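Engineer:
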Amino acid sequence: MKYLKYIAFTVAAFLTSCEADEFLNPIPDTVVVEESFFQTDADVEAGILGIYDALQGVNENTVTNIGNVNRGIQFEHLLTEHRTDNTRNATLEGSKSDFHRYVVDANNVESEDFYASMYEVIFRANNALRFIDIADQGNRARYTAEAKFLRAYAYFKLVRLFGAVPLATEVVGADNSEALFTRISEEQIYAQIVEDLQEAAGTLDNTYKSRASRAAAQGILAKVYMSQPSPDYSGAEQLCEAIINSGEFTLQSNFSDIFYNELNDEIVFAIQYQFGNTLESQSFSSEFTSFSRQGREDGQNIVNDNLVADFSAFGGDRGPLSFINLGSSIEVIKFLPEGSDITVSPPTYGDNARNAGNDYIALRYADVLLMHVEATIGTGTSTSDIGAIQSFQQIRDRAFPATAPNVISSVSKDELLTERRVELAFENQRWYDILRFGVANDVLSAHAVEMGYVFSARDLLLPIPAREINLSDGLLTQNPGY
333 MKYLKYIAFT VAAFLTSCEA DEFLNPIPDT VVVEESFFQT DADVEAGILG
383 IYDALQGVNE NTVTNIGNVN RGIQFEHLLT EHRTDNTRNA TLEGSKSDFH
433 RYVVDANNVE SEDFYASMYE VIFRANNALR FIDIADQGNR ARYTAEAKFL
483 RAYAYFKLVR LFGAVPLATE VVGADNSEAL FTRISEEQIY AQIVEDLQEA
533 AGTLDNTYKS RASRAAAQGI LAKVYMSQPS PDYSGAEQLC EAIINSGEFT
583 LQSNFSDIFY NELNDEIVFA IQYQFGNTLE SQSFSSEFTS FSRQGREDGQ
633 NIVNDNLVAD FSAFGGDRGP LSFINLGSSI EVIKFLPEGS DITVSPPTYG
683 DNARNAGNDY IALRYADVLL MHVEATIGTG TSTSDIGAIQ SFQQIRDRAF
733 PATAPNVISS VSKDELLTER RVELAFENQR WYDILRFGVA NDVLSAHAVE
783 MGYVFSARDL LLPIPAREIN LSDGLLTQNP GY
């Protein structure tokens with residue numbers, strides 16, 4: 333986040349470790365907390381802000397040794413978009429190409445890093461909660477809600493990608509480290525996520541877009557309700573309607589403004605970065621280039637032809653603002669680094685593409701509107717509910733302004749899934765969507781046949797990192813098939 337990286341150096345003061353990776357991965361390696369750090373309200377807030385820093389992660393271009401850092405959410409497109417029919421790696425070389433071919437194993441370093449990154453977020457949240465009583469009384473509830481929101485956000489990612497995982501709601505020391513290696517059922521993980529997000533939604537306001545807020549908690553909780561083993565569609569519908577009826581969010585009339593007019597009225601929650609600042613920037617934007625390579629790799633998030641076909645049929649104005657066909661590659665342009673000009677040949681990407689400042693959009697209003705339709709459909713196959721139709725039409729009218737208002741009498745579940753695909757492409761939603769809609773096995777099996785990959789049901793979960801299993805002396809179990 334643009335104002336948070338300095339916190340990392342401050343937070344380091346209350347962690348003592350023999351090795352750098354033990355500081356960066358205190359769970360599950362080691363947790364040693366220096367209590368003398370937290371003395372004032374400002375110290376507690378610094379601890380809260382340090383949680384966001386863990387979520388933001390470290391620019392791969394800044395520190396290239398993946399064994400000593402956490403990338404936070406900067407690798408998430410590999411674990412999500414690349415494992416769907418949306419995108420792929422430009423080459424077959426290296427561990428980053430394993431995701432799109434469904435050959436990830438327990439030693440994959442990017443999967444391991446994401447797992448460790450989310451537990452770093454959880455550790456920092458739990459640690460900050462230990463010292464809430466030091467904060468000014470008027471701030472304690474807000475700090476608590478903010479830490480629990482971020483803990484829930486991390487667990488929500490973990491449970492959907494890895495399944496049952498260890499559950500820690502307090503800092504775990506050497507005397508009870510078994511808790512770090514005992515997998516807890518998905519139902520119990522979801523119950524904790526719901527509890528944390530309900531508290532956040534009931535405590536926070538909508539002051540921030542780059543920090544936890546009431547609307548962010550409501551929106552993430554709505555998605556949790558529809559993702560959990562026993563979905564609560566009614567609860568999700570009420571939460572979406574609460575955000576809609578708040579009047580605090582609107583769609584951007586220009587689709588491109590969502591991504592380049594940062595923290596705009598459509599953004600509900602974003603993780604911020606700062607261009608040109610090696611400590612505050614991100615590198616994933618540069619990795620989305622291949623024709624004129626700007627990143628360290630040969631290109632990631634290269635767009636698959638079947639997604640291009642969906643954009644052609646259903647994307648409207650969104651296609652030319654989402655990707656570009658450069659002949660040898662079809663590349664994402666939702667997150668072009670500052671200084672980019674794709675109208676020239678060859679395209680240019682400014683002077684510092686590897687230190688990009690594009691925000692990571694965690695939740696935006698269009699997603700909320702489409703979740704509203706999804707919740708209204710519930711266990712059915714379609715809806716003609718007037719409120720849901722109005723939500724869907726807002727998305728469709730922006731995409732097809734020439735025919736607006738577009739006449740829509742009903743929306744089927746299949747139509748909604750396609751709409752989500754073209755609206756939210758490259759925003760790391762497709763994987764979670766096809767899981768939630770119950771079609772992941774069918775969609776990915778067909779995709780694998782088309783592309784010549786081998787997909788099986790085991791690939792619906794990533795493997796628990798072998799490193800964690802080894803550290804647990806076998807207590808931590810592996811997912812089936814790995």
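For the sequence shown, my numbering puts the final residue at 814, and the numbers step up evenly by one.
Note that CB positions come from ideal geometry on N, CA and C, so glycine has one too.
Computed from a predicted structure; not experimentally measured.
Could you tell me the alpha carbon to alpha carbon distance between ALA757 and GLY404, rounded to whole angstroms?
Structural biologist: Numbered from its first residue, the sequence shown carries residue 757 at position 425. Numbered from its first residue, the sequence shown carries residue 404 at position 72. Cα to Cα, the separation comes out at about 20 Å.
Engineer: Is the CB-CB distance between LEU499 and GLN520 below 8 Å?
Structural biologist: As a first step, residue 499 is located in the sequence shown; it is residue number 167 there, counting from the start. As a first step, residue 520 is located in the sequence shown; it is residue number 188 there, counting from the start. Going by C-beta atoms, LEU499 is nearer than 8 Å to GLN520.
Engineer: In the DSSP assignment, the alpha helix (DSSP H) including ILE575 goes from what residue to what residue?
Structural biologist: Reading the sequence shown from its first residue, position 243 is the one you call residue 575. Looking at the DSSP string, the run of the alpha helix (DSSP H) that includes ILE575 is 565-578.
Engineer: Assuming SER545 and PHE488 are in contact, meaning their beta carbons sit under 8 Å apart, how far apart are those beta carbons, in whole angstroms?
Structural biologist: Locating residue 545 in the sequence shown gives position 213, where the first residue counts as 1. Locating residue 488 in the sequence shown gives position 156, where the first residue counts as 1. No, SER545 and PHE488 are not in contact; Cβ-Cβ is about 16 Å, not under 8 Å.
Engineer: For ASN638, I'd like the list of residues in its chain whose CB is within less than 8 Å of its CB, leaving aside the five on either flank, ordered along the chain.
Structural biologist: Start at 1 with the first residue of the sequence shown, and residue 638 comes out as number 306. Only ASP417, HIS779 and GLU782 meet the Cβ criterion.
Engineer: For VAL435, which option in LEU808, GLY784, ARG799 and THR809 has the closest C-alpha, if you only look at C-alpha atoms?
Structural biologist: Position 103 of the sequence shown, counting from 1, holds the residue named residue 435. Out of LEU808, GLY784, ARG799 and THR809, GLY784 has the C-alpha closest to the C-alpha of VAL435.
Engineer: Return helix, strand or coil for SER677, following the three-state DSSP convention.
Structural biologist: To locate residue 677, count along the sequence shown from 1; it is residue 345. DSSP places SER677 in coil when its eight states are reduced to three.
Engineer: At what residue ranges does the region 381-426 contain a whole run of the alpha helix (DSSP H), taking only runs of 4 or more?
Structural biologist: Counting whole runs of 4 or more residues, the region 381-426 contains the alpha helix (DSSP H) stretches 408-411.
Engineer: Give the C-beta separation of TYR485 and PHE581 to the nearest angstrom, bearing in mind that I take them to be a contact with Cβ-Cβ under 8 Å.
Structural biologist: Taking the sequence shown and counting its residues from 1, one reaches residue 485 at position 153. Taking the sequence shown and counting its residues from 1, one reaches residue 581 at position 249. Their Cβ separation, rounded to whole angstroms, is 19 Å, which puts TYR485 and PHE581 out of contact at 8 Å.
Engineer: Does the Cβ of VAL786 have 16 or more other Cβ atoms within 10 Å, making it buried, or fewer, making it exposed?
Structural biologist: Position 454 of the sequence shown, counted from the first residue, corresponds to residue 786. VAL786 should be labelled exposed.
Engineer: Can you tell me which of ILE693, VAL635 and PHE369 puts its alpha carbon nearest to the alpha carbon of THR464?
Structural biologist: The sequence position of residue 464 within the sequence shown is 132, counting from 1. First, the amino acid is wrong: residue 464 is Ile here, not Thr. Among ILE693, VAL635 and PHE369, the Cα nearest to that of ILE464 belongs to PHE369.
Engineer: Does the distance from the CB of SER622 to the CB of ASP630 come in under 8 Å?
Structural biologist: As a working note, residue 622 is residue 290 in the sequence shown. As a working note, residue 630 is residue 298 in the sequence shown. Yes, these two residues count as a Cβ contact at 8 Å.
Engineer: Between PRO795 and LEU410, what straight-line distance do the alpha-carbon atoms span, to the nearest angstrom?
Structural biologist: In the sequence shown, residue 795 corresponds to position 463, counting from 1. In the sequence shown, residue 410 corresponds to position 78, counting from 1. Rounded to the nearest angstrom, the two C-alpha atoms are 14 Å apart.
Engineer: For GLN817 versus ALA422, is the C-beta distance shorter than 8 Å?
Structural biologist: Residue 817 lies beyond the range of the chain shown here (333 to 814); nothing can be said about it.
Engineer: Sort ARG474, THR713 and SER562 by Cα distance to GLU531 and report the nearest one.
Structural biologist: Locating residue 531 in the sequence shown gives position 199, counting from the first residue. Of the candidates ARG474, THR713 and SER562, the one whose C-alpha sits nearest the C-alpha of GLU531 is ARG474.
Engineer: Comparing C-alpha positions only, which one of ASN811, ASN802, ASN458 and ARG433 sits nearest to VAL376?
Structural biologist: Counted from its first residue, the sequence shown places residue 376 at position 44. Out of ASN811, ASN802, ASN458 and ARG433, ASN458 has the C-alpha closest to the C-alpha of VAL376.
Engineer: Could you tell me which of PHE667, VAL700 and ILE466 sits nearest to ASN687, measuring between CA atoms?
Structural biologist: Within the sequence shown, residue 687 is the residue found at index 355, counting from 1. Comparing Cα positions, the closest option is PHE667.
Engineer: Would you say the region 582-594 touches the region 547-558, given that touching needs at least three Cβ pairs under 8 Å?
Structural biologist: With the cut-off at 8 Å, the region 582-594 and the region 547-558 do not touch.
Engineer: GLY470 to ALA533, Cα distance in whole Å?
Structural biologist: By 1-based counting over the sequence shown, the position of residue 470 is 138. By 1-based counting over the sequence shown, the position of residue 533 is 201. In a straight line, the C-alpha of GLY470 is about 17 Å away from that of ALA533.
Engineer: Is it a yes or a no for the region 762-780 touching the region 558-570, going by three-plus beta-carbon pairs under 8 Å?
Structural biologist: Cβ pair count under 8 Å is three or more, so yes.
Engineer: Just to confirm my understanding: we take ARG420, look at its own chain, exclude 5 residues before and 5 after, and list those with CB closer than 7 Å. What are they?
Structural biologist: Residue numbering aside, residue 420 sits at position 88 when the sequence shown is read from its first letter. Answer for ARG420: HIS414, HIS432, ILE634 and ASN636, listed in chain order.
Engineer: Assuming VAL600 is part of the beta strand (DSSP E), what are its boundary residues?
Structural biologist: By one-based count along the sequence shown, residue 600 stands at place 268. Looking at the DSSP string, the run of the beta strand (DSSP E) that includes VAL600 is 599-603.
Engineer: Taking the C-alpha atoms as reference points, what is the distance between SER624 and PHE655?
Structural biologist: Here residue 624 is taken as the residue at index 292 of the sequence shown, counted from 1. Here residue 655 is taken as the residue at index 323 of the sequence shown, counted from 1. If I take the Cα positions, the gap works out to 15 Å.
Engineer: For GLU594 and GLN570, I'd like the C-alpha separation in whole angstroms.
Structural biologist: For the purposes of this step, residue 594 is identified with residue 262 of the sequence shown, where counting begins at 1. For the purposes of this step, residue 570 is identified with residue 238 of the sequence shown, where counting begins at 1. Going by the C-alpha atoms only, they are around 28 Å apart.
Engineer: Hey, out of LEU512, SER661 and GLY710, whose CA is closest to PRO563's CA?
Structural biologist: For the purposes of this step, residue 563 is taken as residue 231 along the sequence shown, with counting starting at 1. For the residues LEU512, SER661 and GLY710, the minimum Cα distance to PRO563 belongs to GLY710.
Engineer: Taking all protein chains shown into account, do 16 or more other C-beta atoms lie within 10 angstroms of the C-beta of ILE718, making it buried, or fewer, making it exposed?
Structural biologist: Position 386 of the sequence shown, counted from the start, is the residue given in the question as residue 718. With fewer than 16 Cβ atoms within 10 Å of its Cβ, ILE718 is classed as exposed.
Engineer: From ILE674 to THR680, what distance separates their C-alpha atoms?
Structural biologist: Counting from 1 along the sequence shown, the entry for residue 674 is found at position 342. Counting from 1 along the sequence shown, the entry for residue 680 is found at position 348. If you take the alpha carbons of ILE674 and THR680, they lie about 6 Å apart.
Engineer: With burial defined as no fewer than 16 other Cβ atoms inside 10 Å of the residue's Cβ, what is the status of ARG492: buried or exposed?
Structural biologist: As a first step, residue 492 must be located in the sequence shown, where it is residue number 160. Under this definition ARG492 is a buried residue.
Engineer: Using 8 Å for Cβ pairs, my map puts ILE721 next to LEU701. What's the rounded Cβ distance?
Structural biologist: Within the sequence shown, residue 721 is the residue found at index 389, counting from 1. Within the sequence shown, residue 701 is the residue found at index 369, counting from 1. Wrong, their Cβ atoms sit about 11 Å apart, outside the cutoff.
Engineer: Using CA atoms only, rank isn't needed, just tell me which of GLU598, ARG515, SER585 and LEU553 is closest to TYR540.
Structural biologist: Along the sequence shown, read from residue 1 onward, the residue named residue 540 stands at position 208. Closest option to TYR540, Cα to Cα, is GLU598.
Engineer: Nearest-angstrom Cα distance between PRO733 and GLY382?
Structural biologist: Your numbering for residue 733 matches position 401 in the sequence shown. Your numbering for residue 382 matches position 50 in the sequence shown. The straight-line gap from Cα to Cα measures roughly 42 Å.
Engineer: If you follow the beta strand (DSSP E) that ARG696 is in, where does it begin and where does it stop?
Structural biologist: Your numbering for residue 696 matches position 364 in the sequence shown. Looking at the DSSP string, the run of the beta strand (DSSP E) that includes ARG696 is 692-696.
Engineer: Looking only at its chain, what residues have a beta carbon closer than 7 Å to the beta carbon of PHE567, apart from the 5 residues adjacent to it on each side?
Structural biologist: Residue 567 sits at position 235 when you count from the first residue of the sequence shown. The amino acid occupying residue 567 in the given sequence is Gly; Phe does not appear at that position. Result list for GLY567: TYR557, in chain order.
Engineer: Per DSSP, which one or two residues make a beta bridge with GLN614?
Structural biologist: Looking up residue 614 in the sequence shown gives position 282. DSSP lists ALA688 as partners of GLN614.
Engineer: In whole angstroms, what separates the C-alpha of ARG483 from that of ILE454?
Structural biologist: Walking along the sequence shown from the start, residue 483 turns up at place 151. Walking along the sequence shown from the start, residue 454 turns up at place 122. Each residue's Cα considered, the two are about 5 Å apart.
Engineer: When you compare each of ILE603, MET703 and LEU658 to CYS572 by their alpha carbons, which one comes out closest?
Structural biologist: Numbered from its first residue, the sequence shown carries residue 572 at position 240. Minimum Cα distance to CYS572 is reached at MET703.
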